[in-house]
Amino acid sequence: MSHQPETGIKALVDTPLKKVALAAFILTNIGMFAVPALVGALGTSMNWPAADTLSLAGISFAANEVVLFVSIAILGKPLVSMLKQKIQNILKPSSYK
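Next up, the structure:
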């Protein structure tokens, strides 16, 4: 039996606040691209002036980034590094030998 502390996601996300922060981290990574695109589509369909649509998309992107940085501060470096590595492994094509 190993005496090393467990470093999996379940061990690092051990409080309700960290669970909420993890959900926010994942959603804001998706929202970086989805929210401005959705606001742009909404502005086009509602015939808003381009300046209004662009400013609302910029504000929504900035708010998304604030939530992302707050979630990173709550989660801490070990968990964010682990999640970053897992995301890179999913997105990176495997090399065949």
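If you want this note's numbering, it's the position in the sequence shown, counting the first as 1, plus 1183. Just so it is clear, CB atoms sit at the ideal spot from N, CA and C, and this is done for glycine as well.
Which residues in the same chain as residue i place their Cβ atom closer than 6 Å to its Cβ, once the five residues preceding and following it in sequence are excluded?
i: Leu1205; result: Val1196
i: Leu1262; result: Leu1195
Can you tell which of the options has the C-alpha that lies nearest to the C-alpha of residue i?
i: Gly1214; options: Ser1243, Lys1275 and Ile1257; result: Ser1243
i: Val1203; options: Asp1235, Ile1255, Asn1230 and Gly1226; result: Ile1255
i: Thr1236; options: Ala1245, Ala1246 and Leu1225; result: Leu1225
i: Ile1192; options: Leu1274, Gly1259 and Pro1276; result: Gly1259
i: Ala1207; options: Leu1239, Val1250 and Ala1240; result: Val1250
i: Gly1241; options: Ile1270, Ile1209, Asn1272 and Phe1216; result: Phe1216
In this structure, how does DSSP classify residue i when only helix, strand and coil are distinguished?
i: Leu1266; result: helix
i: Leu1229; result: The question names Leu, yet the displayed sequence has Met at residue 1229. In the structure shown, Met1229 sits in coil (DSSP, three-state: anything other than H, G, I, E or B).
i: Pro1276; result: coil
Cα separation between residue i and residue j?
i: Thr1227; j: Val1218; result: 14 Å
i: Asn1230; j: Ala1220; result: 15 Å
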